[in-house]
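S.K.:
Number of protein chains: 2
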Amino acid sequence: MKLTSRSEYALLALLYLARHEAQGLVSVDTIAKAQAIPPKFLEQILLTLKRARYLKSSKGQHGGYALGKPADKISLAEVVRLFDGALAPTESVSVYFFEHTPIEKEKNLIRVFKDIRDYVSRKLENISLADLV
Amino acid sequence: MKLTSRSEYALLALLYLARHEAQGLVSVDTIAKAQAIPPKFLEQILLTLKRARYLKSSKGQHGGYALGKPADKISLAEVVRLFDGALAPTESVSVYFFEHTPIEKEKNLIRVFKDIRDYVSRKLENISLADLV
DNA sequence: CCGTCCCCTACTAAAATTGTAGACTTATAC
DNA sequence: GTATAAGTCTACAATTTTAGTAGGGGACGG
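Protein chains in written order, with the working numbering: chain A, 4 to 136; chain B, 4 to 136.
1. With DSSP as the reference, label S78/B as helix, strand or coil.
2. Compare the Cα-Cα distances from E81/B to each of K108/B, E107/B, T51/B and report the closest residue.
3. Quick check on DSSP: helix, strand or coil for L28/B?
4. Quick check on V123/A - is its C-beta less than 8 Å from some C-beta in chain B?
5. Could you have a look at S10/B and say whether DSSP puts it in helix, strand or coil?
6. Keeping to the same chain, check which residues put their C-beta closer than 6 Å to that of S60/B; ignore five residues upstream and five downstream.
7. Since L45/B contacts A35/B with CB under 8 Å, what's their CB separation in whole angstroms?
8. Per DSSP, what kind of secondary structure is S97/A in: helix, strand or coil?
9. Please check the pair I106/A and E11/B, which I expect to be a contact at CB under 8 Å, by giving their CB distance rounded to whole angstroms.
10. What does K117/A touch in chain B if you count any residue whose Cβ is under 9 Å from its own?
11. Is the beta carbon of A74/A less than 8 Å from the beta carbon of A21/A?
12. Rounded to a whole number of angstroms, what is the C-alpha to C-alpha distance between G63/A and S30/A?
13. One question on the structure: do Y99/B and R84/B come within less than 8 Å of each other, judged by their Cβ atoms?
14. Identify the contact partners of T93/B in chain A, using a Cβ-Cβ distance below 8 Å as the criterion.
15. Can you find the residues in the same chain that come closer than 8 Å, C-beta to C-beta, to E24/A, ignoring five residues on each side of it along the sequence?
16. Would you kindly work out how many angstroms separate the C-alpha atoms of L18/A and K76/B, rounded to a whole number?
17. Express the C-alpha separation of L58/B and L49/B in angstroms, rounding to a whole number.
18. Just to confirm the assignment: which complete alpha helix (DSSP H) runs, minimum length 4, are found wholly within the region 38-68 of chain B?
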C-alpha cells in the first residue's frame with residue numbers, strides 16, 4: 004500500500020467534515036481552503052466519496068457536503084481502498100484486488116507479505132474517523 | 004510500500020542465487036529463464052544489486068553473478084528500499100525517504116501510519132534471504 | 001431568474017514503471 | 001591472439017499512473 008495524494012486529501016476532507024458535523028453542509032471551497040487542497044481536485048474526490056456513500060450532498064445555495072454515515076462507521080481501510088486499491092504490499096496477496104505478480108510462487112515470500120497485509124488491514128479496518136477527531 | 008516488478012524480480016533473483024550458492028557464478032540468462040524474468044530487464048536489476056554490494060560478478064566465459072555477502076546478511080528491507088524506496092505507507096512518516104505530504108499535520112493519522120511503518124520495517128529487516136531458502 | 005454550489009466528463013502534463021536496444025569491456029578457451 | 005561468452009553502461013520508448021485543470025450543465029435558494 005502506498006498512499007497517493009488523492010487518498011490523503013480524502014482523509015483530510017473526511018476528518019474536516021467529521022469535526023464539523025454540527026455545522027451541517029460544508030462547501031467544497033471551505034474544505035479546500037481549510038485543508039489546503041486544490042479545489043477542483045477536491046471536487047472529484049468528494050464526488051467519488053459521495054458515490055461510495057461516505058458523503059451526502061446538496062446543491063444550490065447553502066449546499067455542500069456532509070458525512071453520509073456516522074463517523075464511527077467509516078474506517079480508514081475503506082477510504083484507502085477506494086482511492087488506492089489494495090492495502091497489501093503486492094496484489095498477489097490482496098484479497099479484494101488480487102492479480103498475478105512475479106513472486107506468486109515463492110511461498111515463503113508470500114507468507115511474509117500476507118503477514119504485512121493482515122497487519123495493515125486489521126489496523127486500518129479498526130480505526131474509524133471517529134477515533135481520529 | 005508497494006512492490007514494483009523490479010523489486011519482485013530482484014527478490015526472485017536473489018533467492019535463486021542464495022539457493023545456488025554452491026554453484027558459484029550464475030549467468031543472467033540462467034536466472035532469467037529459471038525465474039521467468041525478461042533478461043535485459045534482469046540485467047539492469049542485477050547491476051543495481053551489484054553496485055549496492057549485494058552481488059558480486061565476473062565477466063567473460065563462465066562469468067556471472069553470485070551473492071556479494073552471506074544470505075543471512077541481506078534483509079528483505081534492504082532490497083525493497085533499494086528499488087522501491089520507503090517502506091512506510093506515505094513519505095511523511097518515512098525515516099530514510101522523508102518528504103512532505105498533505106496529511107503531515109494530522110497527528111492522529113501520522114500515529115497510525117507510523118505504527119504501520121514500524122511493523123513493516125521490523126518485519127522486513129528481520130527476515131533475510133537465508134530465512135527463505 | 002440570478003447567483004451559488006454540486007455534478008460530470010474530458011483533457012493534459014508530468015512522472016513512474018516496465019521494459020528494449022545496442023555499443024562496449026573483460027575473461028577464458030582454443 | 002582471436003572468437004566467444006559473458007557482464008557493463010547508457011539511452012530510449014511505450015504504457016500506465018498520478019495529479020491536477022477546464023468548463024459546461026443542473027439544481028436549489030432567495
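Glycine included, each C-beta is placed from N, C-alpha and C at the ideal position.
Values in this document were obtained by computation on a predicted structure and should not be read as measured data.
M.R.: Reading from the atomic positions:
1. Residue numbering aside, residue 78/B sits at position 75 when the second sequence is read from its first letter. Secondary structure of S78/B (DSSP, three-state): strand.
2. Working through the second sequence from its first residue, we reach residue 81/B at position 78. For E81/B, the nearest C-alpha among the options comes from T51/B.
3. Looking up residue 28/B in the second sequence gives position 25. Look at L28/B here: in three-state DSSP terms it is coil, with no helix or strand label.
4. Locating residue 123/A in the first sequence gives position 120, where the first residue counts as 1. Among the CB atoms of chain B, one or more fall inside 8 Å of the CB of V123/A.
5. In the second sequence, residue 10/B corresponds to position 7, counting from 1. It is helical.
6. Reading the second sequence from its first residue, position 57 is the one you call residue 60/B. Taken in chain order, the residues that qualify are K53, Y68.
7. Reading the second sequence from its first residue, position 42 is the one you call residue 45/B. Reading the second sequence from its first residue, position 32 is the one you call residue 35/B. About 5 Å separates the beta carbon of L45/B from that of A35/B, a gap short enough to meet the 8 Å contact definition.
8. What you label residue 97/A is simply residue 94 of the first sequence in a count that begins at 1. If DSSP states are grouped into helix, strand and coil, S97/A belongs with coil.
9. Residue 106/A sits at position 103 when you count from the first residue of the first sequence. Residue 11/B sits at position 8 when you count from the first residue of the second sequence. Rounded, the Cβ-Cβ distance is 5 Å, consistent with contact.
10. For the purposes of this step, residue 117/A is taken as residue 114 along the first sequence, with counting starting at 1. Going along chain B, no residue has its Cβ under 9 Å from K117/A, so there is no contact; the nearest lies around 11 Å.
11. For the purposes of this step, residue 74/A is taken as the residue at position 71 of the first sequence. For the purposes of this step, residue 21/A is taken as the residue at position 18 of the first sequence. A contact, by the Cβ cut-off of 8 Å.
12. Position 60 of the first sequence, counting from 1, holds the residue named residue 63/A. Position 27 of the first sequence, counting from 1, holds the residue named residue 30/A. Distance from the CA of G63/A to the CA of S30/A, rounded to the nearest whole angstrom, comes to 10 Å.
13. The residue you call residue 99/B lines up with position 96 of the second sequence. The residue you call residue 84/B lines up with position 81 of the second sequence. A distance below 8 Å separates the beta carbons of Y99/B and R84/B.
14. Counting from one through the second sequence, the residue named residue 93/B turns up at place 90. Per Cβ cutoff of 8 Å: K5, L6, E11.
15. Here residue 24/A corresponds to residue number 21 of the first sequence, with the count starting at 1. Only A69, L70, A74 meet the Cβ criterion.
16. For the purposes of this step, residue 18/A is identified with residue 15 of the first sequence, where counting begins at 1. For the purposes of this step, residue 76/B is identified with residue 73 of the second sequence, where counting begins at 1. Taking the straight line joining both Cα atoms gives about 43 Å.
17. Position 46 of the second sequence holds residue 49/B. Position 55 of the second sequence holds residue 58/B. Rounded to whole angstroms, L49/B to L58/B spans 8 Å at the Cα level.
18. Within the region 38-68 of chain B, the complete alpha helix (DSSP H) runs of at least 4 residues are 42-54.
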